[in-house]
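Per UniProt numbering: the sequence shown = residues 1 to 267.
Some notes on the structure that comes next.
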Amino acid sequence: MGTLTLIGIIIVSLLAGMESVMDEFEFHQPILACSLIGIVAGDPVPCIILGGTLQMIALGWANIGAAVAPDAALASVASAIILIQGGQGVAGIPTAIGIAIPLAVAGLFTTMIVRTLSVPIVHMMDGAAEKGSFAAIEFWQIVAVLMQGARIAIPAVALCFIPAEVVQAGLQSIPEWLTTGMAIGGGMVVAVGYAMVINMIANKETWAFLILGFCVAALTEITLISLGAIAMAMVMIYLHLSENGGGNGGSGNGGSKDPIGDILDDY
């Protein structure tokens with residue numbers, strides 16, 4: 001692996017780790033992290049497919065209170081590197097998915113350790129605030145965020161220094177029954193993640209869009225760009241109806257300002 005590729009992987013890993021707590025540009029999401037790793041490594045196609053599959057798995061992952069979700073950043077970066085090092089291309093995606101799940105759990109423990117180590121940093125920032133030292137506050141803020149980036153970058157660099165032949169030999173030594181089971185299990189986990197999202201957003205206002213989306217996605221001649229444009233148009237139509245609904249000439253009940261909901265209520 002070349003020097004420029006290694007530097008690119010380090011940068012992507014740092015961004016993924018930092019974004020796992022910042023949630024600003026979403027570089028930790030599998031579809032972005034895997035795709036960026038594939039681009040800097042010169043093998044984007046299998047990594048994009050891997051990222052899309054892992055994204056479906058991670059749809060239902062969310063931090064709720066003190067409960068921290070499995071770490072998508074480490075799972076995405078590490079599994080993409082293993083996929084590239086393995087040299088199997090698209091054929092190695094099921095194995096990479098199977099490896100990503102335990103990596104997500106391992107990443108959960110690493111982020112918990114980093115968050116624990118960040119507690120003294122918070123107290124240092126409090127002390128700096130009492131002294132009015134804005135430079136110290138910014139410094140410790142950067143240190144805390146870089147710690148999150150380092151917990152992804154360090155394992156990523158370690159994987160890069162493992163010879164590709166060793167990774168390929170290890171992947172090829174995995175029995176067929178295990179790789180088949182990984183592929184089946186990965187498909188089931190994708191379904192579970194998607195079902196969790198549907199369960200969270202399922203209401204009378206969104207079911208119509210969900211059904212319409214499935215129907216439109218079945219049309220093979222429509223590209224992803226076209227699907228995105230259709231979705232954007234639907235959002236604009238819905239927002240327009242929501243803003244102007246319920247005020248048609250002073251109806252008896254004044255309207256609920258939710259025209260789609262009113263229509264569904266009538267039925």
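Ideal placement from N, C-alpha and C gives every residue a C-beta, glycine not left out.
Since the model is a prediction, treat every value here as computed from it, not as a measurement.
query, result
"Integer-rounded CB distance, given that ARG151 should sit under 8 Å from GLY17", "6 Å"
"Nearest-angstrom Cα separation, counted from THR3 out to LEU212", "47 Å"
"Local conformation of SER76 per DSSP, three classes", "helix"
"C-alpha gap between THR5 and GLY38, whole angstroms", "10 Å"
"Within 8 Å, strictly: CB atoms of residue 294 and MET125", "Any property of residue 294 remains undetermined from this structure, which presents the chain solely from 1 to 267."
"Rounded straight-line distance, which links the Cα of ILE82 to that of VAL167", "7 Å"
"Endpoints, the alpha helix (DSSP H) within which THR116 is located", "93-131"
"Expected contact under 8 Å - CB spacing of ALA69 and TRP61 to nearest Å", "4 Å"
"Beta-carbon gap between CYS160 and ILE57 smaller than 8 Å", "no"
"Contact check, LEU227 vs VAL216, beta carbons under 8 Å", "yes"
"Rounded C-alpha distance that separates ASN129 from GLU138", "The identity of residue 129 in the sequence shown is Ala, whereas the question assumes Asn. So the two alpha carbons sit approximately 10 Å from each other."
"N-terminal and C-terminal residue of the alpha helix (DSSP H) that SER173 is part of", "Unbroken run through SER173: none, as it is neither H nor E."
"GLY250 classed as buried or exposed, judged by whether at least 16 other C-beta atoms fall within 10 angstroms", "No answer about GLY250 holds up, because its pLDDT of 46 lies below 50 and its placement is not dependable."
"ALA144 - DSSP class collapsed to helix/strand/coil", "helix"
"Alpha-carbon spacing of LEU93 relative to GLU243, whole angstroms", "Note on identity: in this sequence residue 93 is Ile, with Leu being the wrong assignment. The straight-line gap from Cα to Cα measures roughly 45 Å."
"Check whether ALA41 and ILE84 have beta carbons under 8 Å apart", "yes"
"Neighbourhood of PRO155 by C-beta, 7 Å cutoff - its chain only, sequence neighbours within 5 removed", "LEU74 and ALA78"
"Entirely enclosed alpha helix (DSSP H) segments - the region 10-70, minimum 4 residues", "30-41 and 44-58"
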